[in-house]
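Each remark here refers to the structure printed beneath this line.
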Amino acid sequence: MAVLEAPLPRSRVAPRFDKNRGILGWLTTVDHKKIGIMYLYTTFFFFLIGGIMALLVRIQLAEPKNKFLTESQYNQIFTMHGTTMIFLWIIPVLAGFGNYLVPLMIGARDMAFPRINAFSFWLIPLGGMVMYSGFLFGGTGAAGWTGYVPLTEKEFSPQVGQDLWILGIHLLGISSMMGGLNFLATIHNMRAPGMTWFRLPLFVWAQEITAALVVLASPFIAGALLMVLLDRNAGASFFVINHGGNALLYQLLFWFYSHPAVYIMVLPAFGIISEVIPVFARKPIFGYRAMAYSIAAIAVLGFIVFVHHMFVTGLPLPVTTFFSATTMVIGVPTGVKILNWTATLWGGSIRYDTPMLFAIGFLLMFLIGGVDGVYTASLAVDYGLHGTYWVVSHIHYVLFGGSVFGVFAGIYYWFPKMTGRFLDERLGKLHFWLMLIGMNLAFMPMHVLGMLGMPRRIASYDTVHGWGDLNSVSTFGAFVIATSIAIFLINFFISLRSPANAPDDPWEGNTLEWATSSPPPQHNFDVVPEVRSVRPVRDQRRAARTAPA
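For the sequence shown, position 295 matches number 683 in the numbering used here, and the numbering has no gaps at all.
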């Protein structure tokens, strides 16, 4: 008579182990946590490369008529700086946080499609290598990160590096779309018992909406760049004006993706801040449902504001007036977030640890970027500032002051969960203050330079304009930022060599990742957690305190 093993209780999770260990185990893993960590390492490497390029740009612009770089070198470096920071740093690093944390936060064992998850990751270093390989073939893309036509057409960019730049963007887009579909499937189908939509952590809400944006918007930039590739290599004329093409069509397609892409780069950072602030303020998030709805509202409005990038192209006045209005309206759901984060801080028992400092820095810097963005929603103001360094300052306050500060808040917050170790608080606070000071030294003068008329995308300028002193201050600020990153790297490597002494829940967090060990086992949870509120781990702590001895 055969003896059958009794099935595991429904609440139990069978352990799972990688067959391969060591480096081979990392290269072949489908564990979402290892993949998330590889995302973080890979994207931080590209962040350093993009940062070095930013320093080269700032050295070139530090003084008038500088000959540090040729115009061709400058165009390639500033193009690859922008491309790297957007497509190889901010977008994928936030996806890396999602890979590591979303299954843990919803009580799942892994992502819905682990092999697709691994494939999505490996496309990122491949896409980066394809883009950068242009330097080996006479020069890479040099038309700016926007890739505007006719600058990307064969007549103006004959080098094969421009084609490799387009192919690299396509690979990164495929990675993002597959990852987005995986996030949607995971969040919709693998939540723990009791985790209804309005018990999801706000970070998971942000990843859900971001994934939808990625899936809906990415095909438009893929199509636009495919048409450029066909123009360059197959005799097509989608955008070649003297053959009947339309250059504005490219801008419409590009910005229909790229303005939602701003929110793809910011919404997950909103989610990180929405996890950090309540924990360190010792209060629940103010207006949880309003926060969730405002994330969704930003995503919807993000598709109907993109024409504000094209106000100066001669579009009809009724069209530009409509998009000017929608651009102002999108400030409302963003303002809801600022209000709710501030209300969460109000009256809280705040601990000013490094994650909280970066969260507060995020609030202040993103607020500046948001306010100066509202100014350029005005047609009259945009006509004067559109092609100037005002816009460069604005986007850096949004993406550096917002996304990058959010990333570092997340690193300091979840580093104990990922490694079982703390990052040093003294070095962390030094990192924060230097980055905050350096950022304002680097980017605040650009507001003034924009109002003085300094155009963006220029490799040099004359002394007569009087822009030299402000550019020198901006360059000094860039090196202060670089110093802060060096301090972070020192902190990181020292901490990795320190004993693993972080408890499972060092911050007294609210969400399910703090209910398992630090670092978590491969199967995440020994028992599938049950969720009865938006703060399940706090519920567990309270239940343990009130339980009879």
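For glycine and all other residues, C-beta sits at the position ideal for the given N, C-alpha and C. Since this is a predicted model, take the numbers as computed values, not measurements.
For this session: Indicate the three-state DSSP secondary structure (helix, strand or coil) for ILE743 in the structure shown.
Result: Looking at the sequence itself, residue 743 is Pro, so the reference to Ile does not match. DSSP places PRO743 in helix when its eight states are reduced to three.
Exercise. Alpha helix (DSSP H) containing THR676: first to last residue?
Worked result: Inspection of the sequence shows that residue 676 is occupied by Tyr rather than by Thr. Residues 676-690.
For this session: Would you mind giving the Cβ-Cβ distance between GLY757 and HIS774, rounded to the nearest angstrom? I have them listed as a contact below 8 angstroms.
Result: About 17 angstroms; that fails the 8 angstroms criterion.
Exercise. Who pairs with PRO843 in a beta bridge, going by DSSP?
Worked result: Per DSSP, THR776.
Exercise. Which word fits LYS725, buried or exposed, when buried means at least 16 other C-beta atoms lie within 10 angstroms of its C-beta?
Worked result: LYS725 is buried by the Cβ-count criterion.
Exercise. Taking DSSP as the reference, what is the three-state secondary structure of VAL915?
Worked result: VAL915 falls in the strand class under three-state DSSP.
Problem set entry | Residues near PRO648 by beta carbon distance below 8 angstroms, same chain, minus five either side | Answer for PRO648: LEU601, LEU604, ALA605, ALA687, GLY690, PHE691, PHE694, listed in chain order.
Exercise. Hey, is the region 849-856 in contact with the region 880-893, meaning 3+ C-beta pairs nearer than 8 angstroms?
Worked result: With a cut-off of 8 angstroms, the region 880-893 and the region 849-856 do not count as touching, because too few Cβ pairs lie within range.
Problem set entry | Option nearest ASP498 by Cα separation, candidates SER712, ILE423, HIS631 | The shortest C-alpha separation from ASP498 is found at ILE423.
Problem set entry | Contact belief for THR472 with GLY527 at Cβ below 8 angstroms, rounded distance in angstroms | Actually they are not in contact, since the Cβ atoms of THR472 and GLY527 sit about 16 angstroms apart, beyond 8 angstroms.
For this session: Name the residue from SER872, GLY816, PHE750, GLY841 whose alpha carbon lies nearest to the alpha carbon of GLY772.
Result: Comparing Cα positions, the closest option is GLY841.
For this session: Would you give the residue range spanned by the alpha helix (DSSP H) that MET940 belongs to?
Result: Only positions 389 to 937 of the chain appear in this structure, which leaves residue 940 out of reach.
Problem set entry | Inter-residue spacing [alpha-carbon to alpha-carbon] between ILE661 and PRO672 | So the alpha carbons of these two residues sit roughly 13 angstroms apart.
Exercise. Would ALA649 count as contacting chain D if we go by Cβ distances under 9 angstroms?
Worked result: The structure shown contains no chain D; it holds only a single protein chain.
For this session: Could you work out which residue in SER872, LEU751, PRO513 is closest to LEU415 when comparing CA atoms only?
Result: Closest in alpha carbon position to LEU415, among SER872, LEU751, PRO513, is PRO513.
Problem set entry | Limits of the unbroken alpha helix (DSSP H) element including GLN910 | Unbroken run through GLN910: none, as it is neither H nor E.
Exercise. Going by other Cβ atoms of all chains shown within 10 Å of its Cβ, with 16 needed for buried, is GLU813 buried or exposed?
Worked result: Answer is exposed; the Cβ neighbour count stays below 16.
Exercise. Going along the chain, which unbroken runs of the beta strand (DSSP E) with 3 or more residues stay wholly within the region 443-476?
Worked result: For the region 443-476, there is no continuous beta strand (DSSP E) assignment of 3+ residues that stays within its boundaries.
Exercise. What whole-angstrom Cβ distance do LEU745 and PHE820 have, given they're in contact under 8 angstroms?
Worked result: About 5 angstroms separates the two Cβ atoms, so the contact holds.
Exercise. Can you tell which of PHE509, MET698, PHE913 has the C-alpha that lies nearest to the C-alpha of TYR429?
Worked result: Nearest option by C-alpha distance: PHE509.
For this session: In angstroms with no decimal places, state the Cα-to-Cα distance between MET679 and ARG587.
Result: If you take the alpha carbons of MET679 and ARG587, they lie about 12 angstroms apart.
Exercise. TRP533: buried (16+ other C-beta within 10 angstroms of its C-beta) or exposed?
Worked result: The residue is buried, with at least 16 neighbouring Cβ atoms inside 10 Å.
Problem set entry | Rounded straight-line distance, which links the Cα of PHE434 to that of ILE411 | Annotation: ILE411 to PHE434 spans about 21 angstroms, alpha carbon to alpha carbon.
Exercise. Would you say MET823 and GLY790 are within 9 angstroms of each other, going by their C-beta atoms?
Worked result: Not a contact, by the Cβ cut-off of 9 angstroms.
Exercise. Anyone know if the C-beta pair for VAL490 and PHE626 falls short of 9 angstroms?
Worked result: Note that the C-beta distance between VAL490 and PHE626 is not below 9 angstroms.
For this session: Throw me the rounded Cβ distance for the ARG844 and VAL780 pair, which I believe falls under 8 angstroms.
Result: Yes, they are in contact, since the Cβ atoms of ARG844 and VAL780 sit about 5 angstroms apart, within 8 angstroms.
Exercise. Whose C-beta lies closer than 6 angstroms to the C-beta of ARG503 among residues of the same chain, with five residues either side of it excluded?
Worked result: Excluding the 5 residues flanking it on each side, ARG503 has same chain C-beta neighbours closer than 6 angstroms at VAL418, in chain order.
Exercise. In three-state terms, what does DSSP make of THR934?
Worked result: Of the three classes helix, strand and coil, the one that applies to THR934 here is helix, per DSSP.
Problem set entry | Cβ-Cβ distance between PRO480 and LEU560 below 9 angstroms | A contact, by the Cβ cut-off of 9 angstroms.
Problem set entry | C-beta contact flag for TYR763 and VAL769 at 9 angstroms | Contact check for TYR763 against VAL769 passes: the beta carbons are separated by less than 9 angstroms.
Exercise. Does the beta-carbon of PHE544 have 16 or more other beta-carbons within 10 angstroms, so that it is buried, or is it exposed?
Worked result: Counting Cβ neighbours within 10 Å, PHE544 comes out exposed, since fewer than 16 surround it.
Exercise. From VAL922 to TYR676, what does the alpha carbon distance come to, in whole angstroms?
Worked result: VAL922 and TYR676: Cα-Cα distance of roughly 9 angstroms.
For this session: Could you tell me whether the Cβ atoms of ILE597 and ALA684 are closer together than 9 angstroms?
Result: Their beta carbons are under 9 angstroms apart, which means ILE597 touches ALA684 by this criterion.
For this session: Spatial neighbours of VAL391 within its chain, please: CB distance less than 8 angstroms, with the 5 preceding and 5 following residues excluded, ordered by chain position.
Result: Reliability fails at VAL391, whose pLDDT of 35 lies under 50, so the model's placement of it is uncertain and no value is given.
For this session: Assign VAL915 to one of two classes, buried (16 or more other C-beta atoms within 10 Å of its C-beta) or exposed (fewer than that).
Result: Answer is exposed; the Cβ neighbour count stays below 16.
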